[in-house]
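Trainee: Sequence lines, in order, name chains B and L. Numbers 431 to 628, taken from my numbering, label the letters of the first sequence in order. Numbers 431 to 628, taken from my numbering, label the letters of the second sequence in order. First the structure, which I've put down as structure tokens, then a few questions once you've had a look.
2 protein chains.
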Amino acid sequence: MYPESIRNLIESFKRLPGIGEKTAERLTFSMINFSKEELTNFSNSIQELRDKIGKCQICGNICEGDVCNICENQNRNKKMIFVVEKEKDVFIFEKLGIFNGTYHVLGSLISPLEGINPEDINLSSLKRRILNEDVEEVILALKPSIEGETTMQYIKKILEDTSVKVSKIATGIPLGADMEYIDTLTLELALEERKNIS
Amino acid sequence: MYPESIRNLIESFKRLPGIGEKTAERLTFSMINFSKEELTNFSNSIQELRDKIGKCQICGNICEGDVCNICENQNRNKKMIFVVEKEKDVFIFEKLGIFNGTYHVLGSLISPLEGINPEDINLSSLKRRILNEDVEEVILALKPSIEGETTMQYIKKILEDTSVKVSKIATGIPLGADMEYIDTLTLELALEERKNIS
């Protein structure tokens with residue numbers, strides 16, 4: 431019923447996460463009133479993403495070029511590797527500005543239920559980095575879920591024969607949260623991982 | 431902090447209604463894992479929108495070409511014009527499949543507060559259509575708001591010197607709605623516009 435070019439754009443929007451038919455229609459129709467220049471910019475930025483953005487050959491983070499600017503930076507501490515699930519996580523931790531090591535982006539978590547096995551995620555290059563570089567500590571910053579725990583256990587296991595220290599970031603009650611709204615598993619973990627007050 | 435091509439795409443997404451920084455980031459990062467082909471399709475569909483979609487010279491609806499397929503269709507009743515605010519509204523009423531007349535898309539409603547005056551919306555061509563074509567009835571289907579009412583009153587006024595009949599679609603309680611959640615103005619209007627039960 432819609433003209434074909436409208437239909438095509440609606441379909442493209444529907445590929446994005448959390449965007450269904452209604453939202454895709456609303457976004458498409460809002461663009462009818464964009465200027466030619468705005469539409470050109472939008473289209474060009476998607477082409478740029480396609481043509482310029484690749485994955486860092488060392489850590490798997492997104493970058494323009496072969497190696498990302500964190501891996502390239504000689505001032506970063508190459509002895510520490512911060513393992514995260516997604517590219518976005520790198521920017522979240524970088525914004526904090528408290529970590530000076532390097533990253534390793536897995537791309538996904540191990541999830542047998544979804545058919546994601548260890549060989550499907552960016553793990554072999556992590557092992558290679560640890561064997562070839564002088565790495566002292568691997569910090570796992572994966573989300574505390576079944577998939578996250580499985581992945582952390584797996585990484586721990588494949589690094590057993592190396593001398594590298596493997597740690598994970600703490601789970602517990604987030605600051606300012608109301609106990610009422612915290613799930614039971616988090617409460618259990620927070621209790622289990624309790625610390626002495628010094 | 432993000433590579434420039436990522437930043438550009440985030441900015442483009444932020445131009446869309448209801449999309450802020452966080453959502454724009456999430457959408458952009460999800461596209462990193464799109465195939466080259468999907469990215470090309472997305473970019474092309476925006477270019478198609480830019481190059482192919484224009485406004486119908488008669489009714490103001492979107493179309494590929496000079497005149498939309500509703501205005502072009504000889505089987506539509508040219509004696510009735512259904513006046514709507516937005517392009518999208520045409521498709522909403524067309525989906526119902528109960529109206530066989532033609533449309534007229536204003537593009538916006540009169541809103542002195544936002545600086546939108548009668549001359550800023552697609553009104554002069556409506557008057558011209560009524561003077562030149564053999565129109566019998568103009569049905570106003572604008573939303574019941576201050577802007578909608580102002581626009582309807584204005585249209586009624588500029589058509590006073592013609593013989594055309596001007597009607598508007600009914601306001602009232604929507605089917606299945608709980609009285610509790612209906613605003614007071616709608617309740618007042620529903621009471622005012624009550625009908626005898628025959």
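No residue lacks a Cβ here, since even glycine has one placed at the ideal position from N, Cα and C. Since the model is a prediction, treat every value here as computed from it, not as a measurement.
L/I540 to L/R456, Cα distance in whole Å?
Mentor: Going by the C-alpha atoms only, they are around 36 Å apart.
Trainee: Contact criterion: CB-CB distance below 8 Å. Does B/P574 meet it with respect to chain L?
Mentor: Answer no: the Cβ-Cβ gap between B/P574 and chain L never drops below 8 Å.
Trainee: Return helix, strand or coil for L/Y584, following the three-state DSSP convention.
Mentor: In the structure shown, L/Y584 sits in a helix (DSSP, three-state: H, G or I).
Trainee: Within 10 Å of its beta-carbon, does L/T592 have 16 or more other beta-carbons around it, so buried, or fewer, so exposed?
Mentor: Exposed, because fewer than 16 other Cβ atoms sit within 10 Å of the Cβ of L/T592.
Trainee: Taking the alpha-carbon positions, what's the L/I488 to L/E517 distance?
Mentor: Using only the alpha carbons, I get a separation of about 13 Å.
Trainee: Comparing the C-beta of L/E577 with each C-beta of chain B, is any distance below 8 Å?
Mentor: With 8 Å as the cut-off, L/E577 does not count as an interface residue toward chain B.
Trainee: In angstroms, rounded to a whole number, what distance separates the CA positions of L/K485 and B/G448?
Mentor: Whole-angstrom Cα-Cα distance: 30 Å.
Trainee: Less than 8 Å separating the beta-carbons of L/N530 and L/R506?
Mentor: Yes.
Trainee: Classify L/M431 as helix, strand or coil using the three-state DSSP reduction.
Mentor: Coil at L/M431, not helix or strand.
Trainee: Could you tell me which uninterrupted alpha helix (DSSP H) segments, each at least 4 residues in length, are contained entirely in the segment 513-543 of chain B, listed from first to last along the chain?
Mentor: List check, alpha helix (DSSP H) in window: 517-526.
Trainee: For L/I492, report the span of its beta strand (DSSP E) as first-last.
Mentor: From DSSP, the beta strand (DSSP E) with L/I492 extends over I492 to E494.
Trainee: Exposed or buried, which one is L/E549 when buried takes at least 16 other CB atoms within 10 Å?
Mentor: Exposed, because fewer than 16 other Cβ atoms sit within 10 Å of the Cβ of L/E549.
Trainee: Grouping DSSP H, G and I as helix and E and B as strand, with all else coil, what is L/S628?
Mentor: Note: L/S628 maps to coil in three-state DSSP.
Trainee: Answer with yes or no whether the minimum CB distance from L/F472 to chain B is below 8 Å.
Mentor: Yes, L/F472 lies at the interface with chain B (some Cβ there is under 8 Å from its Cβ).
Trainee: Would B/P604 pass as an interface residue toward chain L - the criterion being a Cβ-Cβ separation below 8 Å?
Mentor: By this cut-off, B/P604 is not an interface position.
Trainee: So the alpha helix (DSSP H) B/L570 belongs to, where does it begin and stop?
Mentor: From DSSP, B/L570 is part of no alpha helix (DSSP H) but of the beta strand (DSSP E) over E567 to L570.
Trainee: Okay, do the segment 451-467 of chain B and the segment 493-510 of chain L touch, 3+ Cβ pairs below 8 Å being the bar?
Mentor: These segments do not touch.
Trainee: What runs of the alpha helix (DSSP H), each 4 residues or longer, lie entirely inside the segment 450-502 of chain L?
Mentor: Correct list: 451-461, 466-482 and 499-502.
Trainee: Would you say L/I540 lies against chain B (beta-carbon separation less than 8 Å)?
Mentor: L/I540 does not count as touching chain B.
Trainee: When the cut-off is 8 Å and only beta carbons count, does L/E502 lie next to chain B?
Mentor: No, L/E502 lies away from the interface with chain B (no Cβ there is under 8 Å from its Cβ).
Trainee: Figure out for me which residue from L/K595, L/L553, L/L446 and L/Q583 has the closest Cα to the Cα of L/D564.
Mentor: Of the candidates L/K595, L/L553, L/L446 and L/Q583, the one whose C-alpha sits nearest the C-alpha of L/D564 is L/K595.
Trainee: List, in chain order, every chain L residue whose beta-carbon is nearer than 9 Å to that of B/I599.
Mentor: Per Cβ cutoff of 9 Å: no residues; B/I599 is ~21 Å from chain L at best.
Trainee: Can you find a CB in chain B that lies within less than 8 Å of the CB of L/F529?
Mentor: Not one chain B Cβ lies under 8 Å of L/F529.
Trainee: Based on the DSSP secondary-structure assignment, which residues constitute the bridge partners of B/K595?
Mentor: For B/K595, which the question treats as bridged, DSSP gives the partners B/E567.
Trainee: Can you pull out the residues from the segment 476-498 of chain B whose beta carbon lies closer than 7 Å to at least one beta carbon of chain L?
Mentor: Per Cβ criterion, the list reads I476, Q477, E478, L479, R480, K482, I483, I492, C493 and E494.
Trainee: Specify the secondary structure class of B/I511 as computed by DSSP and reduced to three states.
Mentor: In the structure shown, B/I511 sits in a strand (DSSP, three-state: E or B).
Trainee: How long is the line joining the alpha carbons of L/D608 and L/L617, rounded to whole angstroms?
Mentor: Distance between the alpha carbons of L/D608 and L/L617: 11 Å.
Trainee: Over the uninterrupted alpha helix (DSSP H) stretch that includes L/P559, give me the two end residues.
Mentor: Here residue 559 of chain L is Arg; the residue named in the question, Pro, does not match the sequence. Here the alpha helix (DSSP H) through L/R559 covers S554 to N562.
Trainee: Buried or exposed for L/Y533, going by 16 or more other Cβ atoms inside 10 Å?
Mentor: Its Cβ being crowded by 16 or more others within 10 Å, L/Y533 is buried.
Trainee: Starting from B/E610, follow the alpha helix (DSSP H) in both directions and report where the run begins and ends.
Mentor: No alpha helix (DSSP H) holds B/E610; DSSP gives it neither H nor E.
Trainee: Alpha carbons only, please: which of B/K444, B/K452 and B/P433 is nearest the one belonging to L/L479?
Mentor: Closest option to L/L479, Cα to Cα, is B/P433.
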